[in-house]
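Each residue of the sequence shown is one higher than the last, beginning at 25 in my numbering. Written out below as structure tokens is the structure these notes cover.
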Amino acid sequence: MKLTGIFGAFQKARTVITTFQEVGARRLGDVTSDHLQAALERWQSVSAEEAALRVTAVKHLFAHGPFLTADRLLVNPWPGRSGHAVAGVVRDAENTTERIPEEIIAPLVKGAVFYVTTAGPDILAAQRKHAELSAAHQTPRSCRGNGSARARIEAYVAELRAAGRGVPALPARQAHRHPGVPAVDGVLQAPNVALVARLTGVATSGEVRRYLTEAAAELGYQVGGLRSALSIWPGSGRPWRPGLGPLELATEVVQMRMACWIVIAYLSGMRDAEVRELAPDCAFTEDGPDGRIRHKLRGRVLKGRKLTGEEAEWVVLDVVHQAVALLAAVNDDPTHLFGHKGMPSNSLVLFGSVNRRLNDFRDHLNELCSTPDTPYVPLHTAAPAPDNDTSAHDKPQGEEGEDEPVPWRLSTRQFRRTLAWNIAHQPFGVVAGARQYQHAELALFEGYAGTSASGFAAEVAAERAIAQLDYVEDVYHDWNDGHRTSGGAAGRVNAEFDRIRRELGDLPGIIASPARLRTMLQHLTKTLHPGVLNDCFYQPSTAL
């Protein structure tokens, strides 16, 4: 078991033990075959997939019996059968993990890359500025400079007036601490006295608050207040966020970590646990055989391996190395790239809750970059389910029955699946893959093409087989619409398509079963070679 999986395993074991108690077994040692069956029926009433997870947890409890001293299972649960088999889960031949639609993944990755290459350096500069202010604030007031507090505040307000800036406002996150303070366009209409005191080197007081409130009547309020430059968001002509104060800075550091995770995971094909187990010194370069520099990550593959994992390398783009350098600059764990000091205990913690943070990052991008009419990361409307699909869950619908657009629910597994799908579904392999994502180098895709302990190459191969099946299905539908094949294999292919059409009853006005059609076409994918100008159903006996 990996460190990142301990919490989930505990929750599953806890649920299993609770269910046993509910069906009459107070201790694990009391569980009988009847109790197992009663528990299984309860789990299956939720879903077959849920039942499979619980059955697997029961099997784990039994397997660890020799190490459990207070109580243990005495009956072997469903020997010789997997959790999926016991629960009745029918495995799909294709990967059922959802892939992120192009209109969603494109702005998401663009935003993440912007954070790594542009916003990240802004955040680091603001961190340094804040650290300097904090250090100066610890200095005795008598050593901070000459002049009265009023004179320093007046000089600061004069600077704001000359620069056309407003008085730093209280952070929106502190609205609950100041009931009755109005907000205009999300900006609280009250001065951030603590920040101004640090910026000017004075003590907070009622007089300072009154003077800043009077100044704000003329200058207005602004978000943030740290004297730190912010880069321009491409195409907008304005900074990527309104401003940075201490609280906004803390929020942006968290979002920057999430952006780094997206860049590393999506441009490497690594799993979430493998990304978060990277060491601070994981990035390195090597000269390729063609003289070009290869950017690589050194880490460990964990899935299906022993606890310590197995060493592995991933070929990546230079922007991934930039993400690693950014994390190394803000995190201070000597063993984990994603380890950092947590609040309030200041102890080292591992970046967690990644699924939730992914969706928070999407929402954060929408807050910063959306237009009044269009969210930056668009909403998603699910494709309509087939008429015979009885497994579809109820979804919110509009007035005319159409699905209501909702934010796409991101999860860590979707990134690896989406990348594999996009590589495999390109008709020109490495070159088209690079063009699709506008990569400057082919190194990334060349790295995927080789063997890898991570198993990512195998996932690409599986997706390529699905892509060929999709293509053969299109060829069949073209044939059924009157387009005939030609060449040496024409007779065999036409005869095969004709046989399938007769069996399916695939005639005008009759909708054939898509699943059955794909099953019948499956064997043709083993000989199909899509080409630029023509396709070839390869036959060794007749091929030239």
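Just so you know, even glycine gets a beta-carbon here, dropped at the ideal spot from N, CA and C.
(message) Can you tell me whether Thr-237 is helix, strand or coil according to DSSP?
(response) For the purposes of this step, residue 237 is identified with residue 213 of the sequence shown, where counting begins at 1. Three-state DSSP puts Thr-237 in a helix.
(request) Report all residues from its chain with a CB closer than 7 Å to the CB of Phe-452; omit the five preceding and five following residues, and keep chain order. (result) Residue numbering aside, residue 452 sits at position 428 when the sequence shown is read from its first letter. Its pLDDT being 46, under 50, Phe-452 is placed unreliably by the model, and nothing is read from it.
(request) Write down every uninterrupted run of the alpha helix (DSSP H) in the segment 348-409 whose length is 4 residues or greater and which is fully enclosed by it, in chain order. (result) 378-393
(request) Please name the residue in Asp-357, Tyr-235 and Asp-397 whose C-alpha comes closest to that of Asn-370. (result) Residue 370 sits at position 346 when you count from the first residue of the sequence shown. The residue with the shortest Cα to Cα distance from Asn-370 is Asp-357.
(request) For Thr-549, I'd like the list of residues in its chain whose CB is within less than 7 Å of its CB, leaving aside the five on either flank, ordered along the chain. (result) Translated into the one-based positions of the sequence shown, residue 549 becomes position 525. The residues are Ala-489, Gln-492, Leu-493 and Val-496.
(request) Identify, in the order they occur along the chain, each residue of the same chain with its Cβ nearer than 7 Å to the Cβ of His-388, setting aside the five sequence neighbours on each side. (result) Here residue 388 refers to the residue found at position 364 when the sequence shown is read from its first residue. Taken in chain order, the residues that qualify are Gln-279.
(message) Starting from Ile-524, trace the alpha helix (DSSP H) in both directions and tell me its first and last residue.
(response) Taking the sequence shown and counting its residues from 1, the one referred to as residue 524 is at position 500. From DSSP, the alpha helix (DSSP H) with Ile-524 extends over 514-528.
(message) One question on the structure: do His-319 and Thr-332 come within less than 8 Å of each other, judged by their Cβ atoms?
(response) Within the sequence shown, the letter at position 295 stands for residue 319. Within the sequence shown, the letter at position 308 stands for residue 332. For His-319 and Thr-332, no; Cβs fall outside 8 Å.
(request) In angstroms with no decimal places, state the Cα-to-Cα distance between Trp-67 and Gln-35. (result) Translated into the one-based positions of the sequence shown, residue 67 becomes position 43. Translated into the one-based positions of the sequence shown, residue 35 becomes position 11. C-alpha separation (whole angstroms): 15 Å.
(message) For Asp-58, report the span of its alpha helix (DSSP H) as first-last.
(response) As a working mapping, residue 58 is identified with position 34 in the sequence shown. From DSSP, the alpha helix (DSSP H) with Asp-58 extends over 57-70.
(message) Short of 6 Å in beta carbon distance, which residues of its chain neighbour Ile-317, apart from the five on each side in sequence? Order them along the chain.
(response) Position 293 of the sequence shown holds residue 317. If we look at Ile-317 and ignore the five residues flanking it on each side, its Cβ neighbours are Thr-309.
(request) With a 10 Å radius around its C-beta and 16 neighbouring C-beta atoms as the bar for buried, classify Tyr-562 as buried or exposed. (result) One-based indexing of the sequence shown puts residue 562 at position 538. Exposed.
(request) Return the chain-ordered list of same chain residues with a C-beta closer than 7 Å to the C-beta of Val-40, the five sequence neighbours on each side being excluded. (result) As a working note, residue 40 is residue 16 in the sequence shown. Once the five neighbours on either side are set aside, the close Cβ partners of Val-40 are Arg-78, Ala-81, Val-82 and Leu-85.
(message) I need the straight-line Cα distance from Ala-221 to Ser-229, nearest angstrom please.
(response) For the purposes of this step, residue 221 is taken as the residue at position 197 of the sequence shown. For the purposes of this step, residue 229 is taken as the residue at position 205 of the sequence shown. C-alpha separation (whole angstroms): 9 Å.
(request) Taking 8 Å as the threshold, find out whether the segment 392-403 comes into contact with the segment 438-447 through three or more Cβ pairs. (result) no
(message) Can you give me the C-alpha to C-alpha distance between Ala-143 and Trp-102, rounded to a whole angstrom?
(response) For the purposes of this step, residue 143 is identified with residue 119 of the sequence shown, where counting begins at 1. For the purposes of this step, residue 102 is identified with residue 78 of the sequence shown, where counting begins at 1. So the two alpha carbons sit approximately 54 Å from each other.
(request) Identify whether Thr-549 lies in helix, strand or coil by the three-state DSSP scheme. (result) Your numbering for residue 549 matches position 525 in the sequence shown. Of the three classes helix, strand and coil, the one that applies to Thr-549 here is helix, per DSSP.
(message) Spatial neighbours of Cys-393 within its chain, please: C-beta separation below 6 Å, excluding the five flanking residues on both sides.
(response) Reading the sequence shown from its first residue, position 369 is the one you call residue 393. Excluding residues within five positions, the ones whose Cβ falls inside 6 Å are Tyr-400.
(request) Apply the 10 Å Cβ neighbour rule to Met-294 and answer buried if 16 or more other Cβ atoms are within range, or exposed otherwise. (result) Numbered from its first residue, the sequence shown carries residue 294 at position 270. Classification of Met-294: buried, given that the 10 Å Cβ count is 16 or more.
(request) Would you mind giving the Cβ-Cβ distance between Val-287 and Val-344, rounded to the nearest angstrom? I have them listed as a contact below 8 Å. (result) Within the sequence shown, residue 287 is the residue found at index 263, counting from 1. Within the sequence shown, residue 344 is the residue found at index 320, counting from 1. Yes, they are in contact, since the Cβ atoms of Val-287 and Val-344 sit about 6 Å apart, within 8 Å.
(message) Less than 8 Å between the beta carbons of Phe-91 and Ala-63, yes or no?
(response) Residue numbering aside, residue 91 sits at position 67 when the sequence shown is read from its first letter. Residue numbering aside, residue 63 sits at position 39 when the sequence shown is read from its first letter. Contact: no.
(message) Would you call the segment 206-224 in contact with the segment 175-192, where contact means no fewer than 3 C-beta pairs closer than 8 Å?
(response) yes
(request) Could you have a look at His-88 and say whether DSSP puts it in helix, strand or coil? (result) Indexing the sequence shown from 1 puts residue 88 at position 64. His-88: coil per DSSP, three-state reduction.
(message) Within the continuous beta strand (DSSP E) that includes Glu-276, where are the two ends?
(response) If you number the sequence shown from 1, residue 276 lands on position 252. No beta strand (DSSP E) holds Glu-276; the alpha helix (DSSP H) holding it covers 270-290.
(request) Check whether the Cβ atoms of Pro-266 and Ser-255 lie closer than 8 Å to each other. (result) For the purposes of this step, residue 266 is identified with residue 242 of the sequence shown, where counting begins at 1. For the purposes of this step, residue 255 is identified with residue 231 of the sequence shown, where counting begins at 1. Result no, Cβ atoms of Pro-266 and Ser-255 do not sit closer than 8 Å.
(request) Kindly list the residues whose CB is nearer than 7 Å to the CB of Leu-98, restricted to its own chain and excluding five residues on each side of it in sequence; keep chain order. (result) Working through the sequence shown from its first residue, we reach residue 98 at position 74. Closer than 7 Å at Cβ, skipping near neighbours: Gly-53.
(message) Is there a C-beta anywhere in chain C that falls below 8 Å from the one on Ala-63?
(response) The chain labelled as chain C is not found in the depicted structure, where only one protein chain is given.
(message) Taking the alpha carbon of Ala-150 as the reference point, which residue from Ala-187, Glu-65, Glu-272 and Ala-336 has its own alpha carbon closest?
(response) The sequence position of residue 150 within the sequence shown is 126, counting from 1. For Ala-150, the nearest C-alpha among the options comes from Glu-272.
(request) Apply the 10 Å Cβ neighbour rule to Ser-292 and answer buried if 16 or more other Cβ atoms are within range, or exposed otherwise. (result) As a position in the sequence shown, residue 292 is number 268, starting the count at 1. Looking at its Cβ environment, which holds 16 or more other Cβ atoms inside 10 Å, Ser-292 is buried.
(request) Could you tell me the distance, in whole angstroms, from the CA atom of Thr-141 to the CA atom of Ala-241? (result) Position 117 of the sequence shown, counted from the start, is the residue given in the question as residue 141. Position 217 of the sequence shown, counted from the start, is the residue given in the question as residue 241. If I take the Cα positions, the gap works out to 38 Å.
(request) Could you tell me which residues DSSP pairs with Phe-561 in its beta bridges? (result) The residue labelled residue 561 in the question sits at position 537 within the sequence shown. Leu-552, per the DSSP bridge assignment.
(request) Compute the distance between the beta-carbons of Leu-374 and Leu-434, then report whether it is under 8 Å. (result) By one-based count along the sequence shown, residue 374 stands at place 350. By one-based count along the sequence shown, residue 434 stands at place 410. Going by C-beta atoms, Leu-374 is not nearer than 8 Å to Leu-434.
(request) Using three-state DSSP, classify Trp-264 as helix, strand or coil. (result) As a working mapping, residue 264 is identified with position 240 in the sequence shown. Here Trp-264 sits in coil by DSSP.
(message) Could you compute how far the alpha carbon of Arg-38 sits from the alpha carbon of Phe-31?
(response) Looking up residue 38 in the sequence shown gives position 14. Looking up residue 31 in the sequence shown gives position 7. Computed Cα separation, rounded: 11 Å.
(message) Given a cut-off of 8 Å on the beta-carbon distance, is the pair Tyr-235 and Val-133 in contact?
(response) Taking the sequence shown and counting its residues from 1, the one referred to as residue 235 is at position 211. Taking the sequence shown and counting its residues from 1, the one referred to as residue 133 is at position 109. For Tyr-235 and Val-133, no; Cβs fall outside 8 Å.
(request) Would you list the one or two residues that DSSP bridges to Pro-215? (result) Numbered from 1 along the sequence shown, position 191 holds the residue referred to as residue 215. Beta-bridge pairing links Pro-215 to Ala-193.
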